[in-house]
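Residues in the sequence shown are numbered from 1 upward in steps of one, following the working numbering.
Just so you know, even glycine gets a beta-carbon here, dropped at the ideal spot from N, CA and C.
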Amino acid sequence: MEEFPLTPEDLGLLLGGLSLFLYGIFQMSSGLEKAAGSRLRSIFEKISASPWRGLLIGVVVTSIVQSSSAVTVLVVGFVNAGLLTLEGSLGIIFGANIGTTITAQLVAFKLTVIAPYFLLLGFLLVFAGKRKYIKYIGEAVFGFGMLFLGLNLMDSSLIALRNWAPFSNAMINMGKNPILGIITGAAVTAIIQSSSVTTSTVVALASKGAIPLNSAIPIILGANIGTCVTALLASIGTSLSAKRTALAHLLFNILGVILIFPFLNPFIRLVSLSADDVARQVANAHTLFNVIWTFIWIWFTRQYASLIRKIIPGEERVFQRSTLILNPILLNTPSTALESAIKELVRMTDLVKEMYMMAFDDLEKNSLNYYKDILTMEDITDEIKASLIKYLTRISATSLSEDEARELNAILRTVDDVERIADHITNIMEKIELKISDRVEFTEYAKSDLKELKELILENMEDSFEMIRESDISNLEIISEREEEIDQKVKESKNSHLERMKQGICLPMAGVIYTDILTDLERISDHCMNIAQDFNEINLVKRNRKVNRPLPRV
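Here it is as structure tokens:
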């Protein structure tokens with residue numbers, strides 16, 4: 001009996017390739033999420049509107065890259081990045097199943113061969129790019145290269161297995177039993193991460209007369225199931241929607257195999273009429289099965305998505321990224337355009353206040369339940385800031401009155417203040433993560449001080465944000481008095497902490513994290529004060545009152 005052909009080096013390549021593959025998916029998804037602009041999102045929104053468009057894209061792209069696994073991995077990444085909905089992804093997945101069957105008819109495009117060039121390009125974009133957008137694109141490209149390099153390593157590690165005689169014999173013998181044939185095709189494809197390799201091996205065996213059509217077709221059907229493992233691996237650690245997409249791919253292929261199984265013999269007879277040689281018949285069987293099943297199921301995309309949501313229940317926060325309020329048409333009327341900018345600024349403040357509450361919820365519960373959401377929301381505040389600055393810059397190019405120009409400048413400063421509050425909240429979350437990872441505990445004195453500061457700053461935040469929303473001018477004095485109280489409280493808290501350190505009540509690491517959080521809270525309060533000053537000026541201007549020079553900014 002021949003020895004098992006995989007050496008320790010082969011196993012190392014297999015595991016290392018799998019690691020690269022998984023990290024490449026994460027890197028690509030992360031880069032896409034940060035780099036994707038409104039234009040790319042618009043394209044995917046159009047795809048989502050019609051499963052037929054998605055079907056066409058799935059067929060074409062899979063035909064080019066020669067890998068339904070790679071395409072479904074990309075789709076999972078897009079869904080995870082929020083660029084595709086579950087419904088929008090289904091058409092592409094259906095199309096990928098068809099596209100993978102016609103790769104032999106198109107010019108080969110071996111992405112695994114050029115994976116190192118993607119790595120090089122991604123590296124150059126990340127380290128040489130001057131704009132954040134370019135760096136984010138570089139991260140996605142580098143992740144794309146790692147993904148295919150990982151697939152290539154896994155493929156290389158299994159060459160010996162594919163050429164192993166017992167391997168080929170097992171495929172022939174087990175293929176004679178349809179159920180075992182399906183299991184064999186699924187298992188082999190799951191291991192080698194490529195249905196194309198499985199089907200091409202079966203076609204090669206058929207061309208040599210080593211496997212009959214009735215043994216080959218069950219293995220081909222099983223390969224359709226096995227190829228879903230790649231997308232399932234890609235969904236590890238992703239969003240709920242991405243997990244649903246991977247499951248939709250798996251269930252779609254399993255249902256197809258189950259429903260055709262009772263009609264396997266008629267299907268085999270039909271395929272046998274499609275060509276003279278068995279090898280061509282096997283290839284046609286693969287194509288015919290996927291085309292028939294896809295064109296049956298494409299009509300029930302929405303119902304299928306509902307079924308998947310019932311299988312994987314749960315609600316997932318969907319963040320609105322696009323700015324729907326900043327209408328360029330309003331630029332012809334600067335005062336109306338400025339009001340539009342303020343409405344978008346209000347949306348930004350709502351996000352920031354929610355981030356603040358989430359961060360303190362995690363701090364009090366010593367958890368990271370909201371960490372991912374806060375990072376996403378911080379990215380959105382950056383995007384809103386960029387959109388507002390661009391819009392306000394366009395307003396500044398119009399004919400503005402003196403009051404409108406002052407209002408515009410105050411809004412610009414406030415946008416920066418609100419974004420900086422989001423940054424400080426993110427800093428606090430990072431301190432909470434460090435606190436948890438290092439198993440640091442705060443004393444009850446520290447917890448009490450933080451709770452008191454939380455309430456004081458929340459009041460200032462709400463009052464200053466209210467001045468933006470309601471054009472109120474009555475809050476400035478209250479906010480100013482409370483700001484002084486907050487500064488004094490932070491100073492007292494730091495001094496009390498130093499005393500506890502001297503007495504050995506508080507550990508040094510806890511002290512570092514605690515004082516950093518106090519500093520971030522103080523900065524948040526400062527920015528709230530700045531907002532109150534600027535919008536006091538704006539609201540007075542709106543009421544046609546005389547405005548004195550504003551207080552120096554904190």
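Cutoff 8 Å; reference residue i; Cβ partners in own chain excluding five residues on either side
i: P8; result: none
i: V257; result: I182, L221, G222, N224 and I225
i: K135; result: L125, V126 and G129
i: S19; result: G150
i: I57; result: I47, G91, I92 and G95
Helix, strand or coil at residue i [DSSP, three-state]
i: T101; result: coil
i: T443; result: coil
i: T398; result: coil
i: K130; result: coil
i: A337; result: helix
i: C528; result: helix
i: G237; result: coil
i: N369; result: coil
i: T414; result: helix
i: R469; result: helix
i: L388; result: helix
i: W164; result: coil
i: I93; result: helix
i: I505; result: coil
i: F21; result: helix
i: S437; result: helix
i: E572; result: The question about residue 572 has no answer here: the residues shown for the chain are numbered 1 through 554.
i: S50; result: coil
i: L326; result: coil
i: A405; result: helix
i: T426; result: helix
i: L15; result: helix
First through last residue of the alpha helix (DSSP H) which encompasses residue i
i: K310; result: T301 to I311
i: G222; result: L213 to G226
i: V490; result: L476 to K502
i: F289; result: V278 to W297
i: S272; result: L264 to S272
i: V113; result: Run containing V113: none; DSSP gives neither H nor E here.
i: T189; result: P178 to I192
i: A70; result: S68 to N80
Beta-carbon contacts of residue i that lie in its chain and below 7 Å, excluding the five residues immediately before and after
i: S272; result: L213 and Q281
i: E404; result: P334, S335 and L338
i: V203; result: A279, V282 and A283
i: E459; result: R482
i: R394; result: L331
i: A285; result: I217, I220 and V271
i: P51; result: L90, G91, I298 and T301
i: Y445; result: S496 and R500
i: G16; result: L153
i: D520; result: H424, N427 and I428
Per-residue burial, residue i [other beta carbons within 10 Å of its own, 16 or more giving buried]
i: L270; result: exposed
i: N265; result: exposed
i: G185; result: buried
i: D276; result: exposed
i: S340; result: buried
i: D449; result: buried
i: A165; result: exposed
i: F442; result: buried
i: A397; result: exposed
i: G556; result: The structure shown does not extend to residue 556, since the chain spans only 1 to 554, so no value can be given for it.
i: L119; result: buried
i: M529; result: buried
i: K366; result: Strictly speaking, residue 366 in this sequence is Asn, with Lys absent from that position. So N366 counts as exposed.
i: I478; result: exposed
i: N253; result: buried
Contacting residues, own chain, Cβ-Cβ under 6 Å from residue i (five flanking each side not counted)
i: E462; result: none
i: I425; result: M355, Y356 and A359
i: D534; result: A410, R413 and T414
i: G37; result: Any reading at G37 must be qualified, since the residue scores a pLDDT of 49, below 50, and its modelled position is unreliable; the value itself is stated next. Closer than 6 Å at Cβ, skipping near neighbours: no residue.
i: A206; result: A216, V278, A279 and V282
i: R500; result: C506
i: L250; result: C228
i: V490; result: L518 and E522
i: H527; result: D417, R420 and I421
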